[in-house]
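K.L.:
Quick one: the structure is below, questions incoming.
Protein chains: 4
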Amino acid sequence: MRLAHVIDTDPERAEEVARDQECQWSTHLDAILDSPDIDAVIVASPTHEHFSQIMMALDAGKAVFTEKPLGASLPEIDACFNKASSLGLPLFVGFNRRFDPSFASLAEKCHMGAVGTLQFIRITSRDSPLPSVDYIRQSHGIFHDCIIHDLDMLRFITKEDPLEIYALGSSFVDGIGALNDYDNVLVTLRYPGGLLASIDVNRFAAYGYDQRIEVFGNSGMIQAENRTPTSTVLSHSQGIVRPPIEYSFPSRYRDAYRLELEGFLTCLQHDLPAPISHHEVRMSFILCESAEQSCRESRPIRLDALPISVP
Amino acid sequence: MRLAHVIDTDPERAEEVARDQECQWSTHLDAILDSPDIDAVIVASPTHEHFSQIMMALDAGKAVFTEKPLGASLPEIDACFNKASSLGLPLFVGFNRRFDPSFASLAEKCHMGAVGTLQFIRITSRDSPLPSVDYIRQSHGIFHDCIIHDLDMLRFITKEDPLEIYALGSSFVDGIGALNDYDNVLVTLRYPGGLLASIDVNRFAAYGYDQRIEVFGNSGMIQAENRTPTSTVLSHSQGIVRPPIEYSFPSRYRDAYRLELEGFLTCLQHDLPAPISHHEVRMSFILCESAEQSCRESRPIRLDALPISVP
Amino acid sequence: MRLAHVIDTDPERAEEVARDQECQWSTHLDAILDSPDIDAVIVASPTHEHFSQIMMALDAGKAVFTEKPLGASLPEIDACFNKASSLGLPLFVGFNRRFDPSFASLAEKCHMGAVGTLQFIRITSRDSPLPSVDYIRQSHGIFHDCIIHDLDMLRFITKEDPLEIYALGSSFVDGIGALNDYDNVLVTLRYPGGLLASIDVNRFAAYGYDQRIEVFGNSGMIQAENRTPTSTVLSHSQGIVRPPIEYSFPSRYRDAYRLELEGFLTCLQHDLPAPISHHEVRMSFILCESAEQSCRESRPIRLDALPISVP
Amino acid sequence: MRLAHVIDTDPERAEEVARDQECQWSTHLDAILDSPDIDAVIVASPTHEHFSQIMMALDAGKAVFTEKPLGASLPEIDACFNKASSLGLPLFVGFNRRFDPSFASLAEKCHMGAVGTLQFIRITSRDSPLPSVDYIRQSHGIFHDCIIHDLDMLRFITKEDPLEIYALGSSFVDGIGALNDYDNVLVTLRYPGGLLASIDVNRFAAYGYDQRIEVFGNSGMIQAENRTPTSTVLSHSQGIVRPPIEYSFPSRYRDAYRLELEGFLTCLQHDLPAPISHHEVRMSFILCESAEQSCRESRPIRLDALPISVP
């Protein structure tokens with residue numbers, strides 16, 4: 022399998038990438054829909070294009086890999102999955118963090134009982150560098166832009182849906198509060214068996230891209246810590262100094278991005294189902310919406326009162 | 022200053038300690054109240070004795086050091102402080118964790134601006150070993166027995182009172198749920214300036230006495246980690262292994278217990294006020310009550326609606 | 022720049038790699054010597070082929086990248102560099118560890134004075150997994166196979182040559198002593214200004230590929246530690262467990278291998294000199310020979326008595 | 022058991038300590054020799070007084086605890102042990118580091134096979150703060166003042182004597198070279214079974230009192246790392262910062278000093294032999310002398326050629 026075609030609305034950019042990748046290029050998805058040589062489409066366009074492009078690609082009989090979100094609403098998400106299902110095509114949603122080797126190892130160890138019965142999970146997710154206010158204005162807010170990843174990670178670890186969600190939010194960064202958005206959020210969740218979870222999120226950590234998970238169970242605790250780009254340690258009279266953690270998502274999740282694409286290829290080559298289900302994708306969306314509602318209304322939202330079953 | 026007299030209702034035990042400490046002993050507090058050689062009393066009796074003993078000692082003109090709690094209600098707490106105040110006697114409440122060198126260093130660094138404006142604080146507080154159900158039955162519940170320490174720690178770091186508190190609780194340990202108590206609790210708090218905080222507490226960590234704090238601010242993060250009793254690291258084919266963290270509070274807070282008593286002596290010798298104020302002690306009590314109420318009623322409690330000013 | 026041609030004496034293997042890399046293939050170096058499209062040759066053949074292939078490639082006007090060693094003797098090393106020099110062609114010797122991000126960062130910080138005047142350096146270099154006795158029989162011994170890398174690293178950090186070298190060796194692995202070789206070696210070095218250094222080497226660390234450096238100076242210490250493949254930490258009743266360090270050189274030095282090839286390309290594209298000089302390469306060879314002689318004769322060898330200047 | 026009497030040539034100081042400890046005092050050892058209430062003497066005087074005081078105390082029938090050294094020569098060491106032995110009195114030599122909990126745990130784990138057959142040991146021992154030149158002038162040099170502790174530690178771990186010792190020394194600190202002493206020393210040792218060891222010592226580490234051990238065996242590695250006084254970790258844009266390690270020996274070995282005295286009391290109370298034997302004490306002395314000779318003569322010294330058996 023190889024990259025056959027690059028599409029970008031900017032012809033110069035499309036051509037440049039095509040030259041580098043030694044492949045074809047064009048400026049519109051139409052150009053490849055009828056091509057029998059193309060088996061699959063990777064949707065990595067701006068968020069608001071995702072839905073129509075996914076639907077076009079599926080209609081043309083292509084397998085689809087897409088970064089989240091699939092669409093702007095539950096009906097759009099459901100439409101994508103239902104079409105993929107009825108046509109028997111893989112629809113692979115790239116929640117990249119599931120493919121991070123440390124997070125994947127943590128989840129696998131939890132599933133194998135390394136810490137016993139899960140009682141508490143904490144996810145810390147702090148962005149770096151600070152995005153521009155322009156970016157944030159178009160980001161659909163911190164819940165849909167950031168926290169959806171953490172909600173998916175909880176699902177990945179627990180294989181369960183929560184009963185209740187509650188969120189607190191505040192804003193410290195100039196301009197973000199004015200957008201009616203938050204840059205500092207704490208989400209808490211309660212699960213059926215008594216498991217509790219918290220997600221603490223911030224738009225900007227001055228010390229780098231801080232992404233950690235801690236899972237506590239009756240027989241132990243497992244954590245996934247941050248990494249530093251190098252392993253140097255400097256000791257001097259003021260203390261013991263290690264370099265800052267990874268600066269941002271491209272370096273932090275370098276392996277994860279590679280592995281999720283390899284995972285997509287494996288699905289295609291061995292005719293396997295995509296690892297992230299319709300139910301999981303729509304639950305992340307529902308939890309996101311509920312968390313934001315909880316934050317705005319300052320009250321816990323019970324999930325069992327919502328219509329969450331897959332239509 | 023030296024230990025002059027030991028009191029225990031069990032005469033054998035009192036005598037044994039007295040022999041070891043080369044001091045006098047008796048079986049009732051009355052024995053020392055009239056003694057002009059005794060300047061101060063350390064109250065380390067069972068919880069339900071605290072209030073009457075504190076009051077007796079103050080009435081006798083003695084300075085008092087006491088482990089928390091002072092009493093079983095706000096009026097009792099207020100009575101102790103008001104009596105100490107009217108008599109001009111020090112009343113030193115031993116919230117031992119404030120004297121832990123790592124937590125004290127963390128708080129001092131926060132106060133000096135090491136992480137900038139505080140945005141998020143997390144306290145993790147997991148007990149070890151698991152107390153007996155009999156102990157728990159008499160403990161006044163996880164909020165008053167454990168979480169009050171963490172609420173005091175938040176006050177120590179922030180020097181502020183929260184606006185809102187919300188708690189989730191569940192029970193995994195046999196017998197604790199039957200007591201209508203919890204062994205797994207997550208408390209979240211919102212502060213006036215937008216600061217958020219969480220406290221995650223468990224009655225039993227299989228890997229030792231887990232006591233950590235993390236403070237995030239706009240210019241950095243500071244953490245106080247656990248310690249291991251020795252600094253050995255064993256590398257073998259299965260991984261890199263350090264010894265378990267401290268087993269329980271006597272070893273974990275050994276320095277803190279020594280330092281809080283030294284702090285009490287310093288107050289006496291230099292006629293300084295006790296470091297923990299009436300307002301702080303009663304706020305910890307109020308927050309405890311509110312957290313427990315929040316947990317039982319599954320709703321956030323707003324603190325600004327409560328009558329929290331010192332009477 | 023791209024890979025144009027793969028050469029392997031095994032045609033099946035050559036073809037397979039060529040298919041994967043989308044390039045030409047053949048079974049002998051002759052096939053590309055006259056090709057005007059080929060600017061450079063990467064010599065990655067068995068050690069005993071290096072010298073003749075380097076000389077052939079240089080004679081054909083190609084720039085050369087080669088893994089160490091260049092040849093089996095000082096005259097062969099000198100012949101390669103002298104031919105490259107007289108023809109004005111880059112001869113890039115791949116001492117891969119110089120390109121490891123952590124070691125490169127450590128060296129750069131030392132050069133910038135982060136620890137002041139260097140007083141002591143320790144290099145730990147333990148192999149994993151244990152090579153077969155067959156491999157070791159053909160390896161030219163632990164000094165030329167392993168320790169030469171550590172001697173080059175000392176040069177990389179110090180930019181100096183030592184005055185004296187002393188080595189102790191022993192053998193614990195079945196079969197290695199019978200080859201008159203060592204698997205456990207400690208080398209010590211003295212430098213002109215008083216700097217001392219040690220290299221401790223072992224053919225087999227049961228816990229993984231252990232590669233560390235520590236540099237001590239009058240104002241501090243800098244260390245480059247091992248890395249673990251994932252950042253997970255498991256706490257249970259027996260201790261705190263991290264995963265084993267990297268298993269062997271391909272994963273440990275993955276980045277270094279990529280970066281040294283990029284460094285070679287940069288030299289070619291910008292007409293820069295190769296970063297590792299003729300003097301450095303021959304000094305590593307001389308120190309290797311002297312260390313082995315010291316070990317066999319149980320006496321320190323003074324370097325200033327040897328004819329070490331570049332001919 | 023309790024401290025009964027303090028002796029100091031300075032009466033003011035003796036009195037002050039006696040008041041604090043609630044015991045008797047005098048200015049000369051004679052004062053207590055005939056006292057039937059005194060069972061044991063702790064010799065903590067300046068080094069040159071040790072021998073005569075140990076002999077006087079033993080002659081008076083007292084058990085003796087002494088910090089190293091016992092005397093200035095092998096005959097003096099032998100005289101002390103022989104007298105103690107003939108009188109049936111305990112002579113407890115306080116090599117404090119054996120009682121450090123981390124080093125003791127490391128040694129015990131080695132003895133229990135945690136790393137298999139020992140192949141390489143490294144001891145790092147760097148002093149802090151820098152002693153004055155006056156102190157160093159009276160210190161009998163870095164070998165007898167510092168390195169003897171590390172040689173004893175090797176014995177403690179290996180339970181063996183080495184075959185050969187070699188030392189390199191240099192001086193970076195003003196004034197130390199002029200005393201014909203060293204401040205930067207690297208000692209290497211070879212043991213009968215092929216075990217190799219190195220000791221790297223420095224009179225001054227700018228980042229604190231650096232005391233570490235690493236033991237490598239065929240099935241793993243165990244290390245004892247430094248400790249920091251608090252467990253805080255500060256992350257900011259320049260890196261991840263821990264506080265400096267312990268500043269000097271009183272805080273680093275606080276527990277060790279307490280535990281070695283407790284060990285002495287245990288020997289007295291249970292009539293146990295002192296844990297450090299005559300042979301061990303004299304071997305440390307012999308190795309010290311040999312290491313210094315090796316350093317001055319720039320050649321390895323074979324120990325099997327020396328008269329090392331206990332007379």
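Chains as they are written, first to last, in the numbering used here: chain A, 22 to 332; chain B, 22 to 332; chain C, 22 to 332; chain D, 22 to 332.
Where a beta carbon is used, it is the ideal one built from N, C-alpha and C, also for glycine.
Bear in mind the structure is a predicted one, so any value in this text is a computation, not a measurement.
1) Give me the DSSP bridge partner(s) of Q244 of chain B.
2) Between P296 of chain C and D80 of chain C, what straight-line distance do the alpha-carbon atoms span, to the nearest angstrom?
3) Is the CB-CB distance between V208 of chain A and S191 of chain A below 9 Å?
4) Would you call the CB atoms of R118 of chain D and Y274 of chain D closer than 9 Å?
5) For D155 of chain C and Y230 of chain C, I'd like the C-alpha separation in whole angstroms.
6) Whose C-beta lies closer than 6 Å to the C-beta of H69 of chain C among residues of the same chain, with five residues either side of it excluded?
7) Is it true that the CB of M22 of chain C sits closer than 9 Å to the CB of L50 of chain C?
8) Determine the direct distance from the alpha carbon of V62 of chain B to that of P264 of chain D, and round the result to whole angstroms.
9) Distance check for D29 of chain B and E36 of chain B, CA to CA, integer angstroms please.
10) Would Y228 of chain C count as contacting chain B if we go by Cβ distances under 9 Å?
11) Would you kindly work out how many angstroms separate the C-alpha atoms of I168 of chain B and C309 of chain B, rounded to a whole number?
12) Going residue by residue through the region 248-318 of chain A, where are the continuous alpha helix (DSSP H) segments of at least 4 residues, counting only ones entirely within it?
13) Can you check which of these residues, D:D31, D:D195, D:L108, is closest to S47 of chain D by C-alpha distance?
14) Would you identify the three-state DSSP class for G190 of chain A, choosing helix, strand or coil?
15) From the DSSP output, in three-state form, read off F86 of chain D for me.
16) For chain C, is any of its Cβ atoms less than 9 Å away from the one on V254 of chain D?
17) Three or more C-beta pairs closer than 8 Å, one from the region 123-137 of chain D and one from the region 212-228 of chain D: is that the case here?
18) How many angstroms separate the CA atom of H257 of chain D from the CA atom of G241 of chain C?
19) Please list the partners that G241 of chain C has in chain A, where partner means a Cβ-to-Cβ separation under 9 Å.
20) Can you name the residues of chain C whose CB is closer than 9 Å to the CB of R320 of chain D?
21) For L189 of chain C, which residues in chain D fall below 7 Å Cβ to Cβ?
22) At 9 Å on the CB atoms, spell out the chain C contacts of K130 of chain A, in chain order.
23) Thinking C-alpha only, which one of A:G92, A:L324, A:R158 is nearest A199 of chain A?
24) Terminal residues of the continuous beta strand (DSSP E) containing F113 of chain B?
25) Would you decide whether S107 of chain A is buried or exposed? Buried here means 16 or more other CB atoms lie within 10 Å of its CB.
26) Locate the alpha helix (DSSP H) running through T179 of chain C, then write down its first and last residues.
27) I want to verify the contact list: residues of chain B whose CB lies under 8 Å from the CB of P150 of chain C, in sequence order.
28) Report yes or no: do three or more beta-carbon pairs, one from the region 279-294 of chain D and one from the region 139-146 of chain D, lie closer than 8 Å?
29) Shorter than 9 Å from the beta carbon of R248 of chain A to some beta carbon of chain C?
30) Taking only three categories from DSSP, how would you classify L200 of chain C?
31) In the DSSP assignment, find the unbroken beta strand (DSSP E) run with R211 of chain D in it and report its ends.
32) Going along the chain, which residues of its own chain have a beta-carbon closer than 7 Å to the beta-carbon of I243 of chain B, five neighbours each way excluded?
33) Please name the residue in C:Y228, C:G215, C:F270 whose C-alpha comes closest to that of C316 of chain D.
34) Output needed in chain order: residues of the region 257-287 of chain D with a Cβ under 8 Å from some Cβ in chain A.
35) Go through its chain and collect everything with a Cβ distance to F166 of chain B's Cβ below 7 Å, but skip five positions before and after it.
36) Under 8 Å Cβ-Cβ, which residues of chain A neighbour F141 of chain B?
P.N.:
This is what the structure gives:
1) B:E235, D:V254
2) 22 Å
3) no
4) yes
5) 20 Å
6) none
7) Not in contact: L50 of chain C and M22 of chain C (Cβ atoms no closer than 9 Å).
8) 37 Å
9) 9 Å
10) yes
11) Here the alpha carbons of C309 of chain B and I168 of chain B stand approximately 7 Å from one another.
12) 270-273, 275-291, 299-318
13) Ranking the options by Cα distance to S47 of chain D, first place goes to D:D31.
14) Looking at G190 of chain A - three-state DSSP - the assignment turns out to be strand.
15) It is a strand residue.
16) So no, V254 of chain D is outside the interface.
17) no
18) 21 Å
19) By Cβ distance, chain A contributes L255, S256, H257, S258.
20) R320, P321
21) What L189 of chain C touches in chain D: T209, R211, L217.
22) T253, L255
23) When A:G92, A:L324, A:R158 are compared, the shortest CA-CA separation from A199 of chain A is found for A:R158.
24) It spans 112-115 - the beta strand (DSSP E) in which F113 of chain B sits, taken as one unbroken run.
25) exposed
26) Residue range 169-179 is occupied by the alpha helix (DSSP H) that includes T179 of chain C.
27) Within 8 Å Cβ-Cβ: nothing; P150 of chain C doesn't reach chain B, min ~10 Å.
28) no
29) yes
30) helix
31) For R211 of chain D, the uninterrupted beta strand (DSSP E) segment begins and ends at 205-211.
32) L127, K130, C131, A135, V136, V236
33) Checked all of C:Y228, C:G215, C:F270; the closest Cα to C316 of chain D is C:G215.
34) H257, S258, Q259, G260, I261, V262, R263, P264, P265, I266
35) It is Asp, not Phe, that sits at residue 166 of chain B in the sequence shown. Residues S160 of the same chain have their beta carbon placed closer than 7 Å to that of D166 of chain B, with the five preceding and five following residues left out of the count.
36) Using a Cβ-Cβ cut-off of 8 Å, F141 of chain B is close to N205, L207, D221, N223 of chain A, given in chain order.
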